[in-house]
Amino acid sequence: MSMFNRKSEPTAPASQPVSPPVVSEQPNRTLTPARPSGLLSRGVSIKGSVKFLNELLIDGEVEGTIDSPGKLSIGEHAQINGEIRAKSVKVRGTVEGNIFATERCELQAGCTLRGDIEAPRLVVDENATFLGSAKVTAAK
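The sequence shown runs 4 to 143 under our numbering.
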């Protein structure tokens, strides 16, 4: 009970030696600064639309649309077939479809994109394969 009461928080470590893991678990639920909050790992295959809020790392296969107000990272083993709409998109794998980013789009070394890009900021690394057109416009 003392974990939920702010006044008795300082006494919690003395009465409970298990308190540090509980304390470190609390901030991770509200914000995860180190790693993406969502992960579609290698070997996972999805057919349909993917929606998420904050961050997602996809290293598997997705056939369908990906729609989010957050940040999308496409891992080096990922195969995406469909339209992507997100605030920020980082591509390391293979994408067949258009990307619409409201903030930025980054094509990293070794990635392949067959489709068009529309973003206020576009970063293309050396050794990135990009077959399509890019429309870089000021953020709305």
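For glycine and all other residues, C-beta sits at the position ideal for the given N, C-alpha and C.
- [ ] Taking only the alpha-carbon atoms, compute the straight-line gap between G41 and G67 and give it to the nearest angstrom.
- [x] 18 Å
Open item on the list: If you reduce the DSSP assignment to three classes, tell me which class S136 lands in.
Closed with: coil
TODO: Consult DSSP for F103 and reduce its assignment to one of helix, strand or coil.
DONE: strand
- [ ] Using a Cβ-Cβ cut-off of 9 Å, state whether I120 counts as contacting chain D.
- [x] Protein chains in the displayed structure number just one, and chain D is not present.
Open item on the list: Under DSSP, the beta strand (DSSP E) around N57 begins and ends at which residues?
Closed with: Element bounds for N57: n/a, residue is neither H nor E.
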